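J.: Numbering (the UniProt record's numbering), first residue to last: 1 to 241.
Please find one structure pasted underneath; my questions will follow.
Next comes the structure, spelled out in structure tokens:
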């Protein structure tokens, strides 16, 4: 992909290192919508990470440590939603967003990002926290929110980072949903520039590969920086059930 992105269409499939050029990247960066697309992708991905972590930590703590009627049954029903293909809920979700008047808004792009997978990851991690630690915090007069913030979250940082990586990569690479709810150029995200290059410019394989490289590098770098914690989080999230 990287080699092809540095070549023009005529020499794309010639995998020697002759005739490399940054022309395709310059063309992308000079595209009028690029800066806006890039900002939208970064904002939606980071906001989605914050929302997913907040929702999943709260729900995971409730399902792991709080006793209330139907705890296991509600959690099972929540997990069963993971088997539903995302394409099935697109139409009702779109109608809901439309009725709320949220088309071409950030909330339409961000609010659907948290999933049951995040709750599952955090519940599994929080189950590994000894009950004695929580009981000691309650004796000290801590509320559930304070216990979660001061006691639980510092002990499950690896799982939080794992969830952050999953959410960031999913939000960054999301194509179908932004394509549906973002009809205005100022609300489109970076993956949509891949399809835009096929309509705005002449067929250019090198340009398409350059767009793919630009879209690929941010989540890849994000993962590389956090890969050690990511591996720890994957292991910890499967320790207890």
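No residue lacks a Cβ here, since even glycine has one placed at the ideal position from N, Cα and C.
This one's a predicted model, so the numbers in the text were calculated from it and none came from an experiment.
Span of the alpha helix (DSSP H) holding residue 142?
T.: Note, residue 142: premise wrong, no alpha helix (DSSP H); not H, not E.
J.: Helix, strand or coil: how does DSSP classify residue 14 here?
T.: Reduced to three states, the DSSP call for residue 14 is coil.
J.: Check for me: the alpha helix (DSSP H) holding residue 167 runs from which residue to which?
T.: Per DSSP, residue 167 belongs to the alpha helix (DSSP H) from 157-173.
J.: So, for residue 132: in the same chain, excluding its five sequence neighbours on each side, which residues have a beta-carbon less than 6 Å away from its beta-carbon?
T.: Cβ within range, chain order: n/a, list empty.
J.: Where does residue 77 fall in DSSP's three states?
T.: Correct three-state label for residue 77: helix.
J.: By Cβ distance below 7 Å, which residues in the same chain neighbour residue 134 in space, the five residues on each side in sequence not counted?
T.: Only 65, 147 and 151 meet the Cβ criterion.
J.: Is the stretch 164-172 in contact with the stretch 43-58, if contact means three or more CB pairs nearer than 8 Å?
T.: In short, these stretches touch, since the Cβ pair count reaches three.
J.: Nearest-angstrom Cα distance between residue 83 and residue 36?
T.: So the two alpha carbons sit approximately 34 Å from each other.
J.: Going by C-alpha to C-alpha distance, which of 23, 106, 119 and 136 sits closest to residue 76?
T.: The shortest C-alpha separation from residue 76 is found at 119.
J.: Determine contact between the stretch 11-27 and the stretch 203-216, defined as no fewer than three beta-carbon pairs at a distance below 8 Å.
T.: A contact exists between the stretch 11-27 and the stretch 203-216.
J.: For residue 81, collect the residues of the same chain with a Cβ closer than 6 Å to its Cβ; drop the 5 residues on either side in sequence, then sort them by chain order.
T.: Closer than 6 Å at the Cβ level, and outside the excluded window around residue 81, lie 116.
J.: Assign residue 1 to one of three DSSP states: helix, strand, or coil.
T.: It is coil, neither helix nor strand.
J.: Assuming residue 329 contacts residue 183 under a Cβ cut-off of 8 Å, what Cβ separation, rounded to an integer in Å, is found between them?
T.: Only positions 1 to 241 of the chain appear in the structure, and residue 329 is not among them; the question remains open.
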